[in-house]
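Taken in order, these protein sequences are the chains called A and B.
Taking numbering that gives the first Met the number 0, the leading residue of the first sequence gets 0, the next gets one more, and so forth.
Taking numbering that gives the first Met the number 0, the leading residue of the second sequence gets 0, the next gets one more, and so forth.
Beta carbons: idealized from backbone N, C-alpha and C, even for Gly.
A short worksheet on the structure shown next.
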Amino acid sequence: MSREPPLPALVFWAVLGLAPLVAPGWLLAQLAQHLGYGLLALSLAWVWGQAGLLSFCQALFFGSGAYLFALLALGRIPGLPDSPWLGLLCAPLFSALLAFLLGLALLSARIGSGAAWAVMTLVLGVIAERVAVTSPWLGGSNGLVGVPPLAVPWPSGTFELVDPLPLYLLLFAATALVHLALARHIASPAGALVRAVRDDALRAAHLGIDPLRLRLFVFTGAAAIAGLGGGLFAAQFGFVAPPLLGLGLSTEALVWVAVGGRGSPLAALVGTLVVKGVEELLGRWLEAWWPLAMGLVVVAVVLAFPAGLVGGLLARRGRPVPADVAGGARRAAVRTSS
Amino acid sequence: MLADLALVLLDTANRVLTLLLVALGLAVTFGLMGIVNLAHGEFFLLGAYAHVALERLGLGFWWGLLLAPVFVGAAGWILEVVVIRRIQDRPLDSLVATWGVGLAIKQAVVLLFGPASHTVAPPFATTVAIAGTSYPVYRLFVMALALAATGLTILLLLRTPFGLMVRGTVADRGLAAATGLPVRRLDALAFAYGSALAGLAGAATAPLMSVDPQMGVGFLLPAFLSVLVAPASGAFGTVVGAAVVGGSESLAATVVSPVVAQLLVLAGAVLLLRLAAGRRYGRER
């Protein structure tokens, strides 16, 4: 799906924007956390749904953003001042740089799609978690705690962003802006080129499109989004730990996006909020049955709703989703529709 | 000094051949059939737990080793028929779906057996003296088993009518079906065979490690890397791939920390794939 129908997105953001009027503080705090994960889901929906790069290491960029924020906020990087705001600025930049280097290494080795790419990203995520666990500088398996929050100067002294409401508004603004930018990119000619590479890289190359450059662009950009989400996560909770980088969170994000629908960022966002919300409601009650149910739900969704649950609904409103939303299949024609 | 060297070499050979045993199933399902089964690590896990369960039922070690692959092969058959077949033309989706299956299997194991680790006693706890160092006999047995399973797989694929039909199906489905081959049954059979190999690997290595729900992950990734860097798909290539990945990781780990060793192996794998990129040109998927 190339262009999201604007009405569902408007309704979605209007409901979330009005939430502070009625929702209690604990719910706002929870929603703020889930919106942070929503940034991770947006990043995955971009690389997977648009560029066809099924990434099993998207949390690596979420976690690296979180770690960089924590390191800068705690002043653990020599030569740089301890500043949360600098951390929030650098988190997406660092994640993007990391993704650029890793993506360049993989993509220029022609590991651009399909199995090899997926396996390589799996390995990257696992190794990143082990690096964090074994590095004392990164706090080992305990991670880094006591990360100072973001603070703004206020007439009556400094105002620290620790309460649910300001944090929620911050996450709301960040996620909404990223969603808007991503939706605009997807509807633009550049977004159509990305999908052309996804559907048939060889044909796109023959039409004069450089698949490597476009894939690298999306991988790097998506990592920046994930890094921003990670930085905001660290600012919100005041701690970072190795699981933020690892395979567990990466594949959890895969569930959100698969269930919601990878073809549209809005569907991925809704998928995240719904799955995380249901997990908060039922997770304690279902305990060990929750991952089992999640696994089966993913299989069922992939088999029965290839466009995702929300994505399918959105597609019924807008233009039809191409039969092959997975992309990469040779028989799929290049779709240059905008 | 000689004893130290012998121990390093034996440990490396052990690591390589154990990895080969795990990667062999992938060589069939991934290398030959092109299906990325992310539940392969959980099939390995199922093999080990089937072994534990069969021992609890009072069946001896050898029955466990024999029946666990049969059980896991049946699980592979079901997975192929229920899930993979339906999304054959959506390769990325089959990745996600098999990952979901793996998650469900792993969690079912946790629910049935608890998160704690189990042990399987090796049938022979003796050691044997080799070049001045003593080495457990069971490890040598697993190494021999890996070589035997590889040899049998190569014979099965290259020297039997079944192998010929499977290779024909992979090479050209349409033509194979038109000549009357039961392509769907061959798919399911070949996939079940690959899964059974994972079960065999799990059952055979269970006495060498603690059997816990996370044991599949540690082997899945090196096994996938082995098949990826293999110079040719199929069992022959996988021997080389497992030797490169397992050997370099095991040898590097004697000099640097295990994490650095893994990083080196990953970097090496990317480099190898890059060198091989020219050969793969045009069929990049």
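Proximity to residue 317 of chain B [Cα-Cα], best of B:2, B:6, B:17
Here chain B has residues from 0 to 284 only, and residue 317 of chain B is not among them.
At the 9 Å Cβ level, is residue 281 of chain B part of the contact set with chain A, yes or no?
The predicted model places residue 281 of chain B with a pLDDT of 42, which falls under 50 and marks its position as unreliable; any figure quoted below should be read in that light. Yes, its Cβ sits closer than 9 Å to a Cβ of chain A.
Does chain B have any CB closer than 9 Å to the CB of residue 234 of chain A?
no
Quick one: is residue 18 of chain A near chain B, going by C-beta distance under 9 Å?
no
Proximal residues of chain B, C-beta to C-beta of residue 22 of chain A below 7 Å
Under the 7 Å cutoff, chain B gives no residues; its nearest Cβ is about 31 Å from residue 22 of chain A.
Which whole-angstrom value describes the C-beta separation of residue 41 of chain B and residue 119 of chain B, a residue pair presumed to lie in contact below a C-beta threshold of 8 Å?
Actually they do not touch by this definition, with Cβ atoms about 18 Å apart.
Looking only at its own chain, which residues have a Cβ that is under 6 Å from the Cβ of residue 69 of chain A, when we skip the five neighbours before and after it?
143, 146, 233, 239
Decide yes or no for the touch test of the region 37 to 49 of chain A against the region 256 to 267 of chain A: beta carbon pairs closer than 8 Å, at least 3 of them.
yes
Count the other C-beta atoms from every protein chain shown that fall within 10 angstroms of the C-beta of residue 307 of chain A, then say buried if there are 16 or more, exposed otherwise.
buried
At a Cβ threshold of 9 Å, is residue 265 of chain B touching chain A?
yes
For residue 168 of chain B, name the three-state secondary structure that DSSP assigns.
helix
Cut-off 6 Å between Cβ atoms - residues of its own chain near residue 26 of chain A, not counting five sequence neighbours on either side:
none
I'd like to know whether the C-beta of residue 305 of chain A is nearer than 9 Å to at least one C-beta of chain B.
yes
If we ignore side chains and look at the alpha-carbon of each, how far apart do residue 338 of chain A and residue 132 of chain A end up?
Given that chain A is displayed from residue 0 to residue 337, the structure contains no residue 338 of chain A and the question cannot be resolved.
Does any C-beta atom of chain B lie closer than 9 Å to the C-beta of residue 76 of chain A?
no
Can you list, in chain order, the residues of its chain with a C-beta nearer than 8 Å to that of residue 211 of chain B? Leave out the 5 residues immediately preceding and following it.
114, 115, 116, 117
Among A:176, A:136, A:235, A:87, nearest to residue 77 of chain A - alpha-carbon criterion:
A:136
Name, in chain order, the residues that DSSP records as bridge partners for residue 156 of chain A.
A:153
Can you pull the chain B residues whose beta carbon is under 7 Å from the beta carbon of residue 257 of chain A, in chain order?
95
Measuring only between beta-carbons, confirm whether residue 257 of chain B sits less than 9 Å from chain A.
yes
Who are the near neighbours of residue 60 of chain B in its chain, counting only those whose CB is closer than 6 Å to its CB and skipping five residues on each side?
122
Please list, in chain order, the chain A residues whose beta carbon lies closer than 9 Å to that of residue 42 of chain B.
Within chain A, no residue comes near residue 42 of chain B; the closest Cβ sits about 14 Å away, beyond 9 Å.
Classification of residue 173 of chain A by the beta-carbon crowding that lies within 10 angstroms, buried from 16 upward
buried
Note the first and the last residue of the continuous beta strand (DSSP E) segment covering residue 135 of chain B.
132 to 135
Inspect the beta-carbon positions of residue 341 of chain A and residue 71 of chain A and report whether they are closer than 9 Å.
Residue coverage of chain A in this structure runs from 0 to 337, which leaves residue 341 of chain A outside it and unanswerable.
According to DSSP, is residue 144 of chain A helix, strand or coil?
strand
Does the beta-carbon of residue 226 of chain A have 16 or more other beta-carbons within 10 angstroms, so that it is buried, or is it exposed?
buried
Whole angstroms is fine: what's the gap from residue 142 of chain B's alpha carbon to residue 156 of chain B's?
21 Å
State buried or exposed for residue 11 of chain B, treating a residue as buried only when at least 16 other CB atoms are found within 10 Å of its CB.
buried
Quick one, which residues of the region 6 to 34 of chain B are near chain E if we go by CB-CB under 8 Å, in chain order?
Of the chains in the structure shown, none is chain E; the protein chains are A and B.
Take the Cβ of residue 36 of chain B as the centre, count every other Cβ of all protein chains shown within 10 Å, and call the residue buried at 16 or more, exposed below.
buried
Residue 272 of chain B beta carbon less than 9 Å from that of residue 126 of chain A
no
Under 8 Å, with one C-beta from each stretch per pair, do the region 217 to 226 of chain B and the region 55 to 75 of chain B reach the 3-pair mark?
no
State the CB to CB distance for the pair residue 366 of chain A and residue 71 of chain B, rounded to an integer number of angstroms; the pair is presumed to be in contact (CB under 8 Å).
Only positions 0 to 337 of chain A appear in this structure, which leaves residue 366 of chain A out of reach.
With DSSP as the reference, please indicate the residues paired to residue 239 of chain A in a beta bridge.
A:143
Can you check whether the CB of residue 106 of chain A is closer than 9 Å to the CB of residue 211 of chain A?
yes
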